[in-house]
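What follows is one structure encoded as structure tokens, with my remarks underneath.
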Amino acid sequence: MAESLYIHIPFCNRICTYCDFNKVLINNQPVDGYLDALISELRDIEPQSLRTIFVGGGTPTALSESQLSRLLAAVTDRFQVTEEFTFEANPDELTPGKLDVLKNYGVNRISLGVQTFNEDLLNVLGRSHGYNDIFNAINHMEKIGLNNYSLDLMYNLPGETMQDLDDSLKHIRTLSPKHISWYSLIIEPHTVFYNQIRKGRMKVDDDDVEARKYQRVINGLSELGYPQYEISNFSQPAFESEHNKTYWKNEPYYGAGAGSHGYIDNTRYYNIKPINHYIQSMEETGSVVKETLALDQKAQMEEEMFLGLRMNRGVDTARFEEKFGRSMDEVYGTVINQEISKGHIEASKSRVALTEKGRMVGNTVFMEFLL
Ligand code: SF4
Numbered sequence: 001m002a003e004s005l006y007i008h009i010p011f012c013n014r015i016c017t018y019c020d021f022n023k024v025l026i027n028n029q030p031v032d033g034y035l036d037a038l039i040s041e042l043r044d045i046e047p048q049s050l051r052t053i054f055v056g057g058g059t060p061t062a063l064s065e066s067q068l069s070r071l072l073a074a075v076t077d078r079f080q081v082t083e084e085f086t087f088e089a090n091p092d093e094l095t096p097g098k099l100d101v102l103k104n105y106g107v108n109r110i111s112l113g114v115q116t117f118n119e120d121l122l123n124v125l126g127r128s129h130g131y132n133d134i135f136n137a138i139n140h141m142e143k144i145g146l147n148n149y150s151l152d153l154m155y156n157l158p159g160e161t162m163q164d165l166d167d168s169l170k171h172i173r174t175l176s177p178k179h180i181s182w183y184s185l186i187i188e189p190h191t192v193f194y195n196q197i198r199k200g201r202m203k204v205d206d207d208d209v210e211a212r213k214y215q216r217v218i219n220g221l222s223e224l225g226y227p228q229y230e231i232s233n234f235s236q237p238a239f240e241s242e243h244n245k246t247y248w249k250n251e252p253y254y255g256a257g258a259g260s261h262g263y264i265d266n267t268r269y270y271n272i273k274p275i276n277h278y279i280q281s282m283e284e285t286g287s288v289v290k291e292t293l294a295l296d297q298k299a300q301m302e303e304e305m306f307l308g309l310r311m312n313r314g315v316d317t318a319r320f321e322e323k324f325g326r327s328m329d330e331v332y333g334t335v336i337n338q339e340i341s342k343g344h345i346e347a348s349k350s351r352v353a354l355t356e357k358g359r360m361v362g363n364t365v366f367m368e369f370l371l
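Heads up: the sequence shown begins at 1 in full-length UniProt numbering, then just goes up one per residue.
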């Protein structure tokens, strides 16, 4: 039914100042109880071969070596990964011992939460790792031959300069990771950053500066051999994130863990978020409390466009027609022509994609595809 699985580990050793993910501080949490519930939830999914698995969080590497072994033994007992098995990791937690566990269970890709190479900015972000931890983690990975890793970075940070971006680009040139995710910082409600901005204690860049930084990221990475393939993602040839492409291609996937979501049979499901409720629901009823949302054809077509347009290659017109029994031209011809005239979209017979100008205002363009 699906070829991809996302697994959520909602624990962190420290809470970052900008984070609104579903996570808690790991101290005094029922981590083993959580793993019991998670492993039970995974047993509800048919054993099968999967193209991709992504273990994210929170921080999966906040687990101990024995907890990682237990989780991965259960996962690999049930699923064979044929293509990409990614684990998110924080640099200070990626010890040689934990890396050995990951490698032994077939993890073949690491998504390393670097965020920035500037030590002061790492402190502002409240990250648990420092500058040196980044290089130690990469050394450990390279020593055991786990060379397929992504650096996860952010720009538009409070106090960040263009020079900081250039420094990150220099490090990328030297390290030569296979993949880069480089997201603009979004100030989310209920975060420390949000409150500091509200109280006037912190400022972020205005839209013009943010746009110039985005352009620097795109151009800088392109010069280093990392063409952009999605709004915030760049890779060396043949190292695009296959798991994330499942989402952008609007394909089905399973989700397991507190607050995770999945997409099966045109229905989105959202697991209950609080960890104790998640564990309790599994213990008491043998299944996870979740909300479901069945998508009608209109919603499916909208999502096909929103998600697909995030990728530089855009949305495949033949696939659209095969999926929905209607041509893209019939459903979206007027909007596409309107966005072409604004310079936001380019269309060929086989694909519709954002232009460089369109990517700068992606969210505005996506809204036009609401039916
Ligand atoms: S490590 Fe990741 S999930 Fe945990 S608080 Fe920081 S940003 Fe959030």
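Glycine included, every Cβ here is placed at the ideal spot set by N, Cα and C.
Phe369 - DSSP class collapsed to helix/strand/coil: Counting from 1 along the sequence shown, the entry for residue 369 is found at position 369. Phe369 falls in the coil class under three-state DSSP.
Beta-carbon spacing of Phe54, Tyr6 below 7 Å: Counting from 1 along the sequence shown, the entry for residue 54 is found at position 54. Counting from 1 along the sequence shown, the entry for residue 6 is found at position 6. In this structure, Tyr6 lies closer than 7 Å to Phe54 by Cβ.
Which listed residue (Glu283, Tyr247, Tyr278) has its alpha carbon closest to that of Arg268: Counting from one through the sequence shown, the residue named residue 268 turns up at place 268. Measuring from the Cα of Arg268, the nearest candidate turns out to be Tyr247.
Contact check, His129 vs Asp92, beta carbons under 7 Å: Here residue 129 corresponds to residue number 129 of the sequence shown, with the count starting at 1. Here residue 92 corresponds to residue number 92 of the sequence shown, with the count starting at 1. For His129 and Asp92, yes; Cβs fall inside 7 Å.
Where the beta strand (DSSP E) containing Arg109 begins and where it ends: What you label residue 109 is simply residue 109 of the sequence shown in a count that begins at 1. Note, Arg109: beta strand (DSSP E), 109-115.
Rounded C-alpha distance that separates Ser348 from Arg109: On the sequence shown, position 348 is the one that residue 348 refers to. On the sequence shown, position 109 is the one that residue 109 refers to. Near 34 Å, if we compare the C-alpha coordinates of Arg109 and Ser348.
Inter-residue CB distance, Tyr18 and Leu112 (contact presumed, cutoff 8 Å): Numbered from its first residue, the sequence shown carries residue 18 at position 18. Numbered from its first residue, the sequence shown carries residue 112 at position 112. So it is not a contact: roughly 18 Å between Cβ atoms.
Three CB pairs or more closer than 8 Å across the stretch 41-52 and the stretch 200-209: no
Residue span of the beta strand (DSSP E) that contains Met154, given as start and end: On the sequence shown, residue 154 is found 154 positions in, with the first residue counted as 1. That run of the beta strand (DSSP E) goes 149-155.
Ordered list of alpha helix (DSSP H) runs contained in the stretch 29-63, each at least 4 residues: 31-43
Any non-hydrogen atom of ligand 1 within 6 Å of Gly58 CB: Locating residue 58 in the sequence shown gives position 58, counting from the first residue. Checking every heavy atom of ligand 1 against the Cβ of Gly58, one is found closer than 6 Å.
Bridge-paired residues (DSSP) for Lys290: Within the sequence shown, the letter at position 290 stands for residue 290. DSSP lists Asn271 as partners of Lys290.
Given Asn147 as reference, the closest of Thr116, Gln115, Leu157, Val107 once Cα atoms are compared: As a working note, residue 147 is residue 147 in the sequence shown. Asn147 has its Cα closest to that of Val107, out of Thr116, Gln115, Leu157, Val107.
Near ligand 1: Lys23 beta-carbon under 6 Å from a heavy atom: Counting from 1 along the sequence shown, the entry for residue 23 is found at position 23. Checking every heavy atom of ligand 1 against the Cβ of Lys23, one is found closer than 6 Å.
Straight-line Cα distance separating Asp100 from Ser184: Your numbering for residue 184 matches position 184 in the sequence shown. Your numbering for residue 100 matches position 100 in the sequence shown. Near 33 Å, if we compare the C-alpha coordinates of Asp100 and Ser184.
Three-state secondary structure assigned by DSSP to Ile231: For this step, residue 231 is matched to residue 231 along the sequence shown. Here Ile231 sits in coil by DSSP.
Cα-Cα separation between Val228 and Arg14, rounded to whole angstroms: Looking up residue 228 in the sequence shown gives position 228. Looking up residue 14 in the sequence shown gives position 14. It is worth fixing the name first, because residue 228 is Gln in this sequence and not Val. For Gln228 and Arg14, the distance between alpha carbons rounds to 31 Å.
Closest Cα partner of Leu122 within the set Ser4, Leu151, Arg313, Leu157: One-based indexing of the sequence shown puts residue 122 at position 122. Minimum Cα distance to Leu122 is reached at Leu157.
heavy atom of ligand 1 below 6 Å from Ile144 C-beta: Here residue 144 corresponds to residue number 144 of the sequence shown, with the count starting at 1. Checking the Cβ of Ile144 against ligand 1 gives no.
Touching by the beta-carbon criterion (3+ pairs, under 8 Å), the stretch 272-292 and the stretch 354-368: no
Reference Met305; option with closest CA among Gly58, Gly262, Ile345: What you label residue 305 is simply residue 305 of the sequence shown in a count that begins at 1. The shortest Cα separation from Met305 among Gly58, Gly262, Ile345 belongs to Ile345.
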